[in-house]
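**Q** Below is a structure I'd like to ask you about.
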Amino acid sequence: FDRQELRSRIRVGERVIGLQQGLADRVRELETALAQVKELLPADRSHIFLIDGRAREVLVNSDAAVVASGTATVEAALAEIPMVVIYKLSPFTYRIARLLVRGVRNFAMPNLIAGEKIVEELLQDEVTPERIAAELARLLTEDAYRAKMLTNLRNVRQRLVTAEPATRRTAELALELLEGKKQNLIT
Numbered sequence: 004f005d006r007q008e009l010r011s012r013i014r015v016g017e018r019v020i021g022l023q024q025g026l027a028d029r030v031r032e033l034e035t036a037l038a039q040v041k042e043l044l045p046a047d048r049s050h051i052f053l054i055d056g057r058a059r060e061v062l063v064n065s066d067a068a069v070v071a072s073g074t075a076t077v078e079a080a081l082a083e084i085p086m087v088v089i090y091k092l093s094p095f096t097y098r099i100a101r102l103l104v105r106g107v108r109n110f111a112m113p114n115l116i117a118g119e120k121i122v123e124e125l126l127q128d129e130v131t132p133e134r135i136a137a138e139l140a141r142l143l144t145e146d147a148y149r150a151k152m153l154t155n156l157r158n159v160r161q162r163l164v165t166a167e168p169a170t171r172r173t174a175e176l177a178l179e180l181l182e183g184k185k186q187n188l189i190t
């Protein structure tokens with residue numbers, strides 16, 4: 004190897020090490036968060052189950068779900084599980100995101116795919132135990148609300164499982180979103 008190529012490989016290696024350290028830090032944060040959740044649970048936990056490593060199995064056997072924004076929302080939509088989507092960023096990251104992303108009303112993938120709000124989204128300060136519980140109560144007790152969400156989730160599922168290749172459909176949806184953003188910037 005020449006010196007420049009060697010330096011380049013060393014820089015890549017250093018970045019990989021940095022990412023691994025960041026991942027290890029994130030795992031420790033998640034372990035701490037899980038311990039805190041366990042502390043917050045009531046003394047009588049006979050009706051509460053913490054299941055690790057079997058998210059899909061738990062999801063498809065649920066009547067409703069609280070889902071962190073991301074690909075898990077697509078999985079829940081495909082499984083046609085009524086959900087409330089939560090997303091909480093660090094205050095700094097949230098401020099930057101708000102500056103960069105304008106004109107986007109929804110952030111949950113099922114809503115973006117549907118082109119309208121079909122699942123409730125709680126963002127930042129809206130992510131509270133009271134708001135989450137209230138939305139879950141609606142999903143479990145208000146038949147009309149639940150039925151409408153199920154119909155909308157079936158429509159999202161249908162859009163995703165069309166005969167078109169998934170990558171083409173994803174690209175088309177991304178283009179639709181970009182075109183919508185262009186329209187918002189122009190008007």
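For what it's worth, this note's numbering labels the leading residue of the sequence shown as 4, then goes sequentially. For each residue, glycine too, the CB sits at the ideal point set by N, CA and C.
If you follow the alpha helix (DSSP H) that A46 is part of, which residue opens it and which one closes it?
**A** That residue, A46, is in no alpha helix (DSSP H); it is neither H nor E in DSSP.
**Q** Determine the direct distance from the alpha carbon of G16 to that of V70, and round the result to whole angstroms.
**A** Distance between the alpha carbons of V70 and G16: 34 Å.
**Q** Contact check, N114 vs V122 under 8 Å by CB: the rounded distance?
**A** Their Cβ separation, rounded to whole angstroms, is 6 Å, which keeps N114 and V122 in contact under 8 Å.
**Q** Entirely within the region 71 to 96 and at least 4 residues each: give me those alpha helix (DSSP H) ranges in chain order.
**A** As far as the region 71 to 96 is concerned, its whole alpha helix (DSSP H) runs of at least 4 residues are 74 to 81.
**Q** Looking only at DSSP bridge pairs, what is L125 linked to?
**A** DSSP output for L125 lists I89 as bridge partner(s).
**Q** Quick one: what's A111 bridged to in DSSP?
**A** Answer by DSSP bridge pairing: none, since A111 is not bridged.
**Q** Going by beta-carbon coordinates alone, are A202 and A68 separated by less than 7 Å?
**A** Outside the displayed span of the chain (4 to 190) sits residue 202, for which this structure offers no information.
**Q** Quick one: using the 10 Å Cβ neighbour count with 16 as the cut-off for buried, is I189 buried or exposed?
**A** Note on I189: pLDDT 42, under 50, position unreliable in the model; the coordinate value appears next. Its Cβ having fewer than 16 others within 10 Å, I189 is exposed.
**Q** Find the nearest neighbour of L143 within the set G21, I84, L102, T173, judged by alpha-carbon distance.
**A** Of G21, I84, L102, T173, the residue nearest in Cα terms is I84.
**Q** Which stretch, first to last residue, makes up the alpha helix (DSSP H) that contains R59?
**A** 58 to 63 is the span of the alpha helix (DSSP H), which, as asked, contains R59.
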